[in-house]
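Take the sequence shown: its letter number 18 is residue 103 in the numbering used here, and every next letter is one higher.
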Amino acid sequence: MISINVKVMNQLGIHARTAAKLVRTAAAFKSSINAVKDGKLYDLKNVRGAITLNGKFGDELTIQFDGIDEAEASESINQLFLGGLGES
86 MISINVKVMN QLGIHARTAA KLVRTAAAFK SSINAVKDGK LYDLKNVRGA ITLNGKFGDE
146 LTIQFDGIDE AEASESINQL FLGGLGES
């Protein structure tokens, strides 16, 4: 298992469009990918999980990866967050 800490960098936070992008990216990997916020676990391969996460600008999240491609998945998700989830 790999865990990384990320920060929500885009002004609007995680909303429908960015959640869909996050889910599409996560779905490309076989590993399970979950976010932890305020002690709760959110499945990032599920749009409902990504939206329910309710990530706001500046929130710090822990993302957990578990599976055969966890290293590649963690790098891809980290880059997505560093790029503001595709938005500025």
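Even for Gly, the Cβ is constructed at its ideal location relative to N, Cα and C.
This structure is a prediction, so every number in the text was calculated from the model and none was measured.
Nonlocal neighbours in the same chain, by C-beta distance under 6 Å from residue i, ignoring five residues either side
i      : result
ALA135 : ALA104, LEU107, VAL108 and LEU129
LEU165 : THR110
Reduced DSSP secondary structure (H/G/I, E/B, other) of residue i
i      : result
GLU145 : strand
ILE153 : coil
ASN163 : helix
Paired residues, beta bridge with residue i - DSSP
i      : result
LEU126 : VAL121
ILE136 : Its beta-bridge partners do not exist; DSSP assigns none.
ASN90  : THR147
Reference residue i, options the options, closest by Cα
i      : options                : result
GLY168 : SER88, GLY98 and MET86 : GLY98
Residues of its chain near residue i, where Cβ-Cβ distance is below 7 Å and the 5 sequence neighbours each way are ignored
i      : result
ASP151 : MET86, SER116 and SER117
Original post:
How about the region 112-121 and the region 142-156: do they share at least three Cβ pairs that are nearer than 8 Å?
Top reply: yes
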